[in-house]
Amino acid sequence: MKKSLLALAVLAASGAAMAQSSVTMFGIVDVGVGHVSATNSVSGVTQSGNSSSRLGFRGVEDLGGGLKAGFWLEGAISPDTGTGAGANNAGPGFAFSRRSTVSLAGNFGEVRLGRELAAGYDKPTSYDPFGQVGFAALQGWTTVRVSNGVSYRTPANLGGFFATVHYGFGEQAGKNSSGRYFGLAGGYENGPLSVTLAADQVKAGVVNNGYSSTTLANDLKTWSLGASYDLGIVKPAFVYHSEKSGSVKNNIYMLALTAPVGPGRLIGSYARYDLKNSNNDSNGLAIGYVYDLSKRTAIYGTYAHMNNKNGAARNVNGVSGSFNTNVTVGAGENVNGYQVGIRHAF
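Heads up, the sequence shown is in the working numbering, so the first residue is 8 and it goes up one at a time.
See below:
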C-alpha cells in the first residue's frame with residue numbers, strides 16, 4: 008500500500024512538472040504550380056506561394072511568479088525539391104535561419120536573444136495581405152532578419168499600445184561595428200484599427216537579410232509606416248517604406264484590400280517602387296483568392312503583374328524556388344505570373 012501511494016506521488020509530481028513545460032514541433036508545407044512570363048517563360052512547381060514553408064521547434068517553461076523561459080528554433084524548407092533551404096534559403100542544407108532565439112517573458116514584457124525578424128521589418132510588412140511570399144510579395148526591404156541580436160517587446164496589457172527595441176551586434180573581424188543593427192517599432196492595435204511606425208539603421212558592412220548577403224558601402228537608414236482598418240465587408244491596408252544608403256534612396260508604397268468573398272477571401276494589392284534620382288521605377292498589381300478548407304489547410308491562386316520603367320527589371324516573385332534564378336527580366340520589361348497551390352500547417 009505504501010509503495011502504491013509512493014508511486015502515485017511520484018507520478019503526480021512528474022505530471023505537475025510536465026504541465027509546467029512543453030515542447031512543440033510545428034511547420035508549414037506550401038507547394039503549388041506556377042508560370043512566369045518575361046524575356047523567357049518558365050513553368051513549374053513553386054513553393055511558399057501563400058506561406059513560407061518551414062519546420063521548427065518551440066518550447067516554454069513556467070518558472071513561477073509569472074516568469075516564463077522559452078526557445079524557438081525555426082528553419083526554411085523547400086518541399087518542391089525535398090531539401091532544406093540552407094542558411095540563406097538557398098542550398099541543400101537545413102539551418103534554423105528563420106528564427107533561433109531563447110527568451111524570458113513576464114509582466115515586464117519579453118526579452119529575446121538570437122536571430123529573428125528585424126524590428127523595422129516584422130510588423131510593418133504584416134500589412135501585406137500576401138504575407139511577403141509568392142509571386143505577389145511586397146519587395147524592397149534590405150534588412151529582413153538580424154543575427155546576434157537582443158530585443159525587447161512590451162507586454163500585451165498596455166491598452167493596445169506596443170513597442171519593440173532591437174539591437175544586433177556586428178561581430179565582424181577587424182571592425183565590430185560593421186553591419187551593426189539598431190531598430191525601433193511601435194504602434195497601436197485594438198479592435199479594427201492597427202497602426203505601426205518603425206525605423207532602423209544598419210552600419211556599413213556585410214548585411215545578411217535572411218536570403219542573401221549584401222555589402223553596404225554606406226550606413227542604411229530606413230523608416231516605415233503601416234496601417235489597416237477592418238470594416239467587416241472589406242479591410243483596407245497601407246504601407247510606406249523608405250530606405251536611404253548614401254545617395255541612393257528608395258521609396259515603396261502599397262495599397263491593399265482583403266475581403267470575404269464566397270467561401271474564402273479575396274486579396275489584392277498595388278505597389279509602387281520609386282527609385283529616387285532615377286526613372287527606373289516599377290508598378291506592381293496583384294490579385295489572389297484563398298479558400299480555407301480547415302484551420303490548417305488552404306488552397307489558393309494568385310496573379311501578379313510587374314510594370315517596369317526604363318532600366319528597372321524587377322521580377323514578380325518572392326521566395327518561390329527555381330523561379331528566382333530561372334526567369335530573366337530585361338530592362339523596362341513587363342512581367343506576368345500566376346500560381347495555384349496548397350498550404351498545410353501542422
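By construction, the Cβ of each residue, glycine as well, lies at the ideal position given by its N, Cα and C atoms.
- Taking the Cα positions, Gly177 is about 4 angstroms away from Arg187.
- A direct Cα-Cα distance of roughly 22 angstroms separates Val241 from Ser58.
- Taking the Cα positions, Arg303 is about 23 angstroms away from Tyr310.
- When rounded, the separation of the alpha-carbon atoms in Leu292 and Val323 is 9 angstroms.
- Among the bridge pairs identified by DSSP, Phe169 is matched with Gly194.
- Per DSSP, the beta-bridge partners of Ser158 are Arg119, His173.
- Membership of Asp69 in the beta strand (DSSP E) is indicated by the continuous run 61 to 71.
- Beta-bridge partners assigned by DSSP to Ala234: Val202, Phe245.
- For Tyr280, the uninterrupted beta strand (DSSP E) segment begins and ends at 271 to 282.
- If you draw a straight line from the Cα of Leu262 to the Cα of Gly181, it is about 43 angstroms long.
- By the neighbour-count definition (other C-beta atoms within 10 Å, threshold 16), Val151 is a buried residue.
- According to DSSP, residue pairing for Lys228 in a beta bridge involves Gln208, Lys251.
- Across the structure, Gly175 and Val118 are spaced so that their CA atoms are roughly 13 angstroms apart.
- One Cα belongs to Val49, the other to Leu282, and the distance between them is close to 28 angstroms.
- Counting C-beta atoms within 10 angstroms of its own C-beta, Pro162 has fewer than 16 neighbours from the protein chains shown and is therefore classed as exposed.
- For Tyr128, the enclosing alpha helix (DSSP H) begins and ends at 126 to 129.
- With 16 or more neighbouring CB atoms inside 10 Å of its own CB, Asp135 falls in the buried class.
- For Gly291, the enclosing beta strand (DSSP E) stretches over residues 289 to 299.
- Cβ neighbours of Tyr296 within its own chain (closer than 7 angstroms, five residues either side excluded): Gly271, Leu273, Tyr307, Gly308.
- Residue pairing of Thr309 in beta bridges, as defined by DSSP: Gly295, Gln346.
- Here Thr150 carries a coil assignment [DSSP, helix/strand/coil].
- Where Ala76 is concerned, the enclosing beta strand (DSSP E) starts and stops at 74 to 85.
- In the DSSP assignment, Val40 falls within the unbroken beta strand (DSSP E) covering 28 to 44.
- The Cβ atoms of Ile294 and Gly147 lie no closer than 7 angstroms to each other.
- Here DSSP, grouped into helix, strand and coil, assigns Thr108 to strand.
- When C-alpha distances from Leu145 are compared across Thr132, Gly348, Asp237, the shortest belongs to Thr132.
- For the pair Ser107 and Leu74, the CB atoms are not nearer than the 7 angstroms cut-off.
- Residues of the same chain with a CB within less than 6 angstroms of the CB of Tyr277, apart from the 5 flanking positions on each side, are Leu262, Leu292 in chain order.
- Annotated three-state conformation of Ser58 is coil, per DSSP.
- A check of alpha carbon separations from Gly193 across Leu200, Asn183, Ala206 identifies Ala206 as the nearest.
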